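First to last, the sequence lines map onto chains A and B. Take 516 as the starting number for the first sequence in my numbering and just add one per residue. Take 10 as the starting number for the second sequence in my numbering and just add one per residue. Note that the Cβ used here is the ideal one computed from N, Cα and C, for glycine as well. This structure is a prediction, so every number in the text was calculated from the model and none was measured. Okay, so here's the structure we're looking at.
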Amino acid sequence: MSIKDIIAAEFRFVYADVFRRKAVLFMFIVYPYMLTAFILLIGYSMGSASVFVERVGIDPAIFFIVAGFTLMAILGVGDDLLWRPLFDEWMGTLPYVLASPVSRIGHYLAIPIPRLIIVLISGSTSVVPVLVCYYGLQGLYEGLAIIIMTGIAALMFVTLVMTIMGIVYGMGGENWRIINVLRPLFLILVGAYYPRYLMPLAGRIASWIIPSSHVIEAIHRMIAGLVGGPIDIFMLLGIATALFILYAPPGVKSIVYWEKSKMKEGVSV
Amino acid sequence: MMEAVKAVFKAYFTTELVRSRGLVFGLMNMVLWILLFMAPIILFRPSNLDPSITSAYAFAAVLVFMSYSMATWDWAWELRWLMTRGLLEYIIASGRSIFILYVGILPVSFMWTALALTLVYGLLSLLAAPPAIIINDPYVMAIGFTLFIIVLFAHALILGGTTISVGTSGPVMEFISWLMPIATGGLVPLRNMPVIIQKIAICTPYSYPAELIRYSILGVEPILSLQETILYGSMFAMVYIMAAMIYFRMQLKKLLKEGPKTVGMY
């Protein structure tokens with residue numbers, strides 16, 4: 516089975532589920548708005564938009580609709596990879612997955628792609644309309660650029676997540692509970708909701724080791740109009756790519772470690 | 010019956026709080042999610058506003074939000090877990106009421122929420138300042154929390170009933186648990202909300218307990234008079250819990266006729 520066939524199989528699996536359960540599809544569209552409403556309502560009741568603009572340099576409505584969208588994309592990729600082994604184990608399908616003659620690495624690289632594509636398309640119902648409302652045609656271009664950059668940010672997350680996934684599941688038992696801590700921690704550190712440049716030094720250092728955080732900073736710089744200058748957007752994308760490549764070998768080793776440990780201990784059915 | 014309740018309590022206490030450091034991981038998970046959404050809210054606060062007031066508002070919002078989450082994920086979603094693991098059939102076949110299970114689960118659920126709120130209080134104290142929570146009126150506070158618990162039970166029964174009859178998915182549950190507190194004034198005093206949301210909120214049973222709780226701990230006046238808020242809130246809560254009980258029983262009957270639905274990954 517080639518990687519193309521694996522991706523096609525994943526597409527069938529995910530799209531059949533999403534289009535059968537329209538509520539899931541609906542949620543892809545609604546999530547960024549819901550998260551934005553949640554923060555803006557509390558934020559406005561306790562302070563004002565002008566204070567936020569003064570501190571962050573971006574209108575809060577734009578900042579949080581983009582944050583909700585990027586969160587959806589990164590969380591989607593993370594969740595697809597981090598929870599799949601557990602889901603397969605609970606569903607009793609893990610023995611078949613391990614017994615199949617499919618490249619495990621290829622399989623785990625293919626898993627997040629179908630859902631990520633849906634999330635990126637859903638950007639046309641959240642990020643794009645809001646930016647067009649604010650900036651007109653310029654907003655359309657900016658919205659499309661954000662969608663592309665969010666796709667890059669989500670993909671840059673894959674190798675790091677693969678590394679963690681393999682280690683956590685390879686340790687066996689109920690160590691998967693650590694994932695519940697790592698998921699929100701990564702989401703804080705990528706800086707989608709709290710810009711990295713406002714984080715304390717320790718937070719910034721931790722954030723730098725996550726490839727996606729650099730792309731998120733590039734998005735923030737673009738919507739704040741801080742293109743060029745000492746920290747260039749392309750430089751940030753370059754750092755993210757370098758980190759993505761750096762995490763690839765441990766990611767592969769980690770998946771192999773998980774597979775071997777499962778073969779050794781046997782899977783519960 | 011008490012034996013069954015004790016067994017359930019022990020099982021859930023061990024699984025959720027003791028085994029594999031469940032309590033530690035669970036609390037850390039919750040604190041990080043709260044931090045993710047609360048940290049940016051602090052960026053709205055003007056420097057001349059007392060941070061302890063901001064913290065108190067944030068704490069009240071988290072209290073309401075986490076209570077909805079408890080009703081959604083601990084109570085209603087539990088039925089889906091039972092279906093996923095193939096346990097629901099055994100409970101039904103035992104001939105005992107499904108509510109016996111909940112008598113055992115509720116203490117674990119409340120313990121967990123109380124611990125989580127204590128941690129949130131600590132987190133807000135670190136991020137901004139200790140929340141300025143002052144109990145203005147213990148009588149109104151008692152009524153507010155009683156009505157709140159009744160409404161949460163009804164909420165869980167409606168969601169749980171829908172889950173067992175149509176196999177409701179996680180995203181739908183998540184949508185409801187986010188939307189309800191936002192649209193019904195759970196997070197922010199109704200006084201500070203747009204008029205349209207105020208009108209929607211007072212047509213639901215959810216807004217009244219939240220208004221009473223906020224009045225009793227933050228001193229924020231409800232949009233209706235206190236007497237009206239208590240009266241309408243009590244009426245709404247009673248009607249809602251009765252309707253929810255009838256609905257849940259109907260869905261349970263439907264389940265017995267048609268069998269449990271299959272479930273997806275999310």
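Query	Result
Proximal residues, the region 102–136 of chain B versus chain A, C-beta separation under 7 Å	none
Partners in chain A for Asn201 (chain B), counting only beta-carbon separations shorter than 7 Å	Ser560
Any C-beta of chain A under 8 Å from that of Trp90 (chain B)	no
Test: Phe534 (chain A) CB closer than 8 Å to a CB of chain B	no
For Trp773 (chain A) and Ile682 (chain A), the rounded distance between their alpha carbons	7 Å
Which of helix, strand or coil DSSP assigns to Asn695 (chain A)	helix
Beta-carbon proximity check, Tyr66 (chain B) vs Met561 (chain A), cutoff 8 Å	yes
Continuous alpha helix (DSSP H) stretch holding Arg258 (chain B): start and end	Leu235 to Glu267
Below-8 Å beta-carbon distance, Val197 (chain B) vs any chain A residue	yes
Boundaries (first-last residue) of the alpha helix (DSSP H) holding Cys648 (chain A)	Val642 to Tyr650
Cβ distance (whole Å) where Leu163 (chain B) is taken to contact Tyr249 (chain B) below 8 Å	The sequence given here has Ala at residue 163 (chain B), not Leu. That pair is a contact at about 4 Å.
Closest Cα partner of Pro644 (chain A) within the set A:Ala757, A:Phe749 and A:Ala576	A:Ala576
Under 8 Å by beta carbon: chain B residues contacting Trp605 (chain A)	Thr93 and Arg94
Nearest-angstrom Cα separation, counted from Phe579 (chain A) out to Pro218 (chain B)	29 Å
Chain-ordered neighbours of Arg54 (chain B) on chain A, where CB pairs are closer than 8 Å	Met561, Gly562 and Val566
Run of the alpha helix (DSSP H) containing Glu525 (chain A), from where it starts to where it stops	Ile518 to Arg535
Which listed residue (B:Met47, B:Ile222 and B:Ala151) has its alpha carbon closest to that of Leu199 (chain B)	B:Ile222
Residue-level contact to chain B via CB, Leu631 (chain A), 8 Å cutoff	no
Helix, strand or coil at Tyr215 (chain B) according to DSSP, with G and I counted as helix	coil
Outcome for Asn145 (chain B) when other beta-carbon atoms lying within 10 angstroms are tallied against a minimum of 16	exposed
Buried versus exposed call for Leu168 (chain B) [16 or more other C-beta atoms within 10 Å across all chains shown]	buried
Residue of B:Gly131, B:Leu115, B:Leu161 and B:Ala125 minimising C-alpha distance to Phe253 (chain B)	This sequence places Ala at residue 253 (chain B); Phe is not what is there. Minimum Cα distance to Ala253 (chain B) is reached at B:Leu161.
N- and C-terminal bounds of the alpha helix (DSSP H) containing Tyr762 (chain A)	Ile748 to Glu780
For Ile693 (chain A), the nearest candidate out of B:Gly31, B:Trp82, B:Tyr77 and B:Leu235 (CA to CA)	B:Gly31
Alpha helix (DSSP H) runs contained entirely in the region 23–75 of chain B, provided each spans 4 or more residues	31–51
Option in B:Thr213, B:Leu44 and B:Pro139 with minimal Cα separation from Leu700 (chain A)	B:Leu44
C-beta contact flag for Ile50 (chain B) and Ile554 (chain A) at 8 Å	yes
Start and end residues, alpha helix (DSSP H) containing Ser118 (chain B)	Phe108 to Leu136
DSSP state of Val705 (chain A) mapped onto helix, strand, coil	coil
Among A:Leu751, A:Arg536 and A:Tyr546, the one whose alpha carbon lies nearest that of Ile724 (chain A)	A:Leu751
Cutoff 8 Å: Gly268 (chain B) Cβ touching any chain A Cβ	no
Asp520 (chain A) burial status per 10 Å Cβ neighbour count (16 or more: buried)	exposed
Among A:Pro715, A:Ala721, A:Val676 and A:Val705, nearest to Pro627 (chain A) - alpha-carbon criterion	A:Val676
Neighbour flag for Arg619 (chain A) against chain B, beta carbons, 8 Å	no
Span separating the alpha-carbon of Gly131 (chain B) from that of Arg630 (chain A)	37 Å
Distance, Tyr712 (chain A) Cα to Pro55 (chain B) Cα	19 Å
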